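**Q** Numbering follows this note's numbering, in which position 51 of the sequence shown is assigned residue number 53; successive positions increment by one, without gaps. My structure is below; once you've seen it, I'll send some questions.
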Amino acid sequence: MSNPEGALITLVERITHKPYEVCYAILEHPKFKGYVLNQAVAINDSETAITYSIHWQDKLTEAWYTEEATAKNAVLKSIAFMEQNPDC
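Structure below.
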């Protein structure tokens with residue numbers, strides 16, 4: 003992945019899942035600790051709502067992650083993947 007300045011960052015995650023939920027826990031990151039949680043809820047037979055929440059904290063300052071542009075980009079990538087792979 004890359005940071006907002008375009009520098010590449012190595013990120014190691016543990017991905018776990020259960021019905022309607024996927025968790026991406028950070029195992030190795032130079033700056034942050036925490037996880038990302040994707041939760042799906044059926045609205046009706048043809049629509050699903052997905053909540054994408056980032057629970058990252060700075061390892062040194064304990065400040066919560068607030069880079070909305072990076073988070074929005076991750077959500078858009080998830081949406082694009084789902085649209086391109088409707089059978090997943």
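The beta carbon of each residue, even a glycine, is placed where N, CA and C say it ideally should be. The structure displayed is predicted, hence computed values, not measured ones.
(1) How about the stretch 67 to 75 and the stretch 42 to 51: do they share at least three Cβ pairs that are nearer than 8 Å?
(2) Can you look up Ser80 in the DSSP assignment and give me helix, strand or coil?
(3) Can you give me the C-alpha to C-alpha distance between Val38 and Asp89, rounded to a whole angstrom?
(4) Buried or exposed: which applies to Ile11, given that a residue is buried once 16 or more other Cβ atoms fall within 10 Å of its Cβ?
(5) Specify the secondary structure class of Ala73 as computed by DSSP and reduced to three states.
**A** Quick answer:
(1) No, the stretch 67 to 75 does not touch the stretch 42 to 51.
(2) helix
(3) 23 Å
(4) With fewer than 16 other CB atoms across the displayed protein chains lying within 10 angstroms of its CB, Ile11 is exposed.
(5) helix
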